[in-house]
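Going by our numbering, the letters in the sequence shown line up with residues 75 to 299, in that order.
Positions of the beta carbon are idealized from the N, C-alpha and C atoms, including for glycine.
Computed from a prediction, not measured in an experiment: that's the story for all the values here.
Reading through the structure tokens given below for one structure.
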Amino acid sequence: MTSLLDRLASLPLFGLIRDGGWTMWLIAALSVITLAIVLWRLLALWRLGVWGGRHARRALQLWSAGRTAEAIAAVRGRPSARARVAQAAIGTALDPRFDEAAAREETARVARGTLYRAREGLRALELIATIAPLLGLLGTVLGMIAAFQVLQSSGNQADPAALAGGIWVALLTTAAGMAVAIPAGVALSWFESIADRLQADLEDLATRIFVAAPTAPVPLREAAA
């Protein structure tokens with residue numbers, strides 16, 4: 075364990091973090107959290123099937139053609155977000171217990187749950203993109219204060235090289251904060267664009283299913299026959 079710590083301490087990046095003070099350690103922690111959130115969201119979105127939609131489009135084609143049994147079978151049990159909303163819309167449209175308003179409300183409930191899962195973690199990315207540069211600026215301000223305190227206490231014997239070194243280390247935290255905030259902001263915008271696209275697709279899918287719904291609800295047992 076001691077040798078591992080010694081190796082870490084010898085790394086240039088570790089030295090920069092150590093020299094930058096406690097704000098640099100916070101920024102380094104935020105960078106790790108940002109990476110973890112991005113990887114988690116990629117895995118969650120893949121499991122949610124936000125990049126899919128083939129089965130939902132197929133179900134919509136069958137539904138529009140009046141082939142209700144095949145339409146519900148095309149999305150039954152499918153894990154993708156669009157397929158789940160399509161199944162909810164078709165299922166409630168075929169269920170005589172639901173009038174159109176209730177069917178739309180139930181479909182909207184399923185869509186809201188799906189969109190919530192698609193947007194999880196985005197507030198954390200937004201917070202990191204906001205506070206990381208502020209932490210960097212705070213570290214710079216504290217470092218500059220310390221550097222000028224040393225200058226004041228040194229009087230006429232102040233070493234310009236030491237002062238420049240202290241200012242350089244202080245400015246390092248601002249650069250580190252921006253280096254964390256920029257990727258976090260880019261990831262946030264990308265994930266938000268995915269969620270917005272998914273919301274538009276779900277709304278369009280549900281509307282087209284209800285517009286093409288049969289005038290009289292078909293019992294689910296008959297549709298599955």
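### Query
Just the Cα atoms here: how many angstroms apart are G251 and V215?
Here residue 251 refers to the residue found at position 177 of the sequence shown. Here residue 215 refers to the residue found at position 141 of the sequence shown. One C-alpha to the other measures close to 13 Å.
### Message
Helix, strand or coil for F172? Go by DSSP, reduced to three states.
### Response
Within the sequence shown, numbered from 1, the residue matching residue 172 stands at position 98. Residue state, collapsed to three classes: coil.
### Query
Looking at the structure shown, is W125 part of a helix, part of a strand, or coil, going by DSSP?
For this step, residue 125 is matched to residue 51 along the sequence shown. It is coil, neither helix nor strand.
### Task
Quick one: residues in its chain with C-beta nearer than 6 Å to the C-beta of M218, no 5 flanking neighbours on either side, listed in chain order?
Indexing the sequence shown from 1 puts residue 218 at position 144. Cβ within range, chain order: A244.
### Query
In three-state terms, what does DSSP make of R36?
The structure shown does not extend to residue 36, since the chain spans only 75 to 299, so no value can be given for it.
### Message
Taking the beta carbon of G348 as the centre, do at least 16 other beta carbons fall within 10 Å, making it buried, or is it exposed?
### Response
Residue 348 cannot be examined here, being either before or after the span of the chain that is shown, 75 to 299.
### Reduced DSSP category for R141 - H, G, I as helix; E, B as strand; rest coil
On the sequence shown, residue 141 is found 67 positions in, with the first residue counted as 1. DSSP places R141 in coil when its eight states are reduced to three.
### Query
If we ignore side chains and look at the alpha-carbon of each, how far apart do Q161 and L134 end up?
Locating residue 161 in the sequence shown gives position 87, counting from the first residue. Locating residue 134 in the sequence shown gives position 60, counting from the first residue. The straight-line gap from Cα to Cα measures roughly 10 Å.
### Query
Does the distance from the C-beta atom of T166 to that of T181 stay below 9 Å?
Reading the sequence shown from its first residue, position 92 is the one you call residue 166. Reading the sequence shown from its first residue, position 107 is the one you call residue 181. In this structure, T181 lies closer than 9 Å to T166 by Cβ.
### Message
What would DSSP say about G95, mapped onto helix, strand or coil?
### Response
Reading the sequence shown from its first residue, position 21 is the one you call residue 95. Residue state, collapsed to three classes: coil.
### Task
Indicate whether I101 and G195 have their beta-carbon atoms separated by less than 9 Å.
Here residue 101 refers to the residue found at position 27 when the sequence shown is read from its first residue. Here residue 195 refers to the residue found at position 121 when the sequence shown is read from its first residue. At the C-beta level, I101 and G195 stay beyond 9 Å of one another.
#### Entry: Proximity winner among T188, G95, E200, relative to V254 (alpha-carbon distances)
By 1-based counting over the sequence shown, the position of residue 254 is 180. Comparing Cα-Cα distances from V254 to each of T188, G95, E200, the minimum goes to E200.
### Query
Roughly how many angstroms lie between the CA atoms of P170 and S138, to the nearest whole one?
Residue 170 sits at position 96 when you count from the first residue of the sequence shown. Residue 138 sits at position 64 when you count from the first residue of the sequence shown. Approximately 19 Å between the Cα atoms of the pair.
### Query
How big is the Cα-Cα spacing for I241 and A280?
Mapped onto the sequence shown, residue 241 falls at position 167. Mapped onto the sequence shown, residue 280 falls at position 206. C-alpha separation (whole angstroms): 59 Å.
### Task
Report back the beta-carbon spacing between V159 and L276 to the nearest angstrom; my notes put them in contact at under 8 Å.
Your numbering for residue 159 matches position 85 in the sequence shown. Your numbering for residue 276 matches position 202 in the sequence shown. The pair is a contact, with the Cβ atoms about 5 Å apart (cut-off 8 Å).
### Message
What would DSSP say about A83, mapped onto helix, strand or coil?
### Response
Indexing the sequence shown from 1 puts residue 83 at position 9. Reliability of the predicted coordinates at A83 is poor, the pLDDT of 45 falling under 50, and the value obtained from them is presented with this limitation in mind. Three-state DSSP puts A83 in a helix.
### Assumed close pair I205, I107 - CB separation to whole angstroms, cut-off 8 Å
The residue you call residue 205 lines up with position 131 of the sequence shown. The residue you call residue 107 lines up with position 33 of the sequence shown. Not quite, the Cβ-Cβ distance comes to about 11 Å (not below 8 Å), so this is no contact.
### Message
So, at 7 Å on beta carbons, what are the nonlocal neighbours of A261 in its own chain, with the 5 sequence-adjacent residues on each side left out?
### Response
Here the question's residue 261 lines up with position 187 in the sequence shown. Contacts found: V112, L199.
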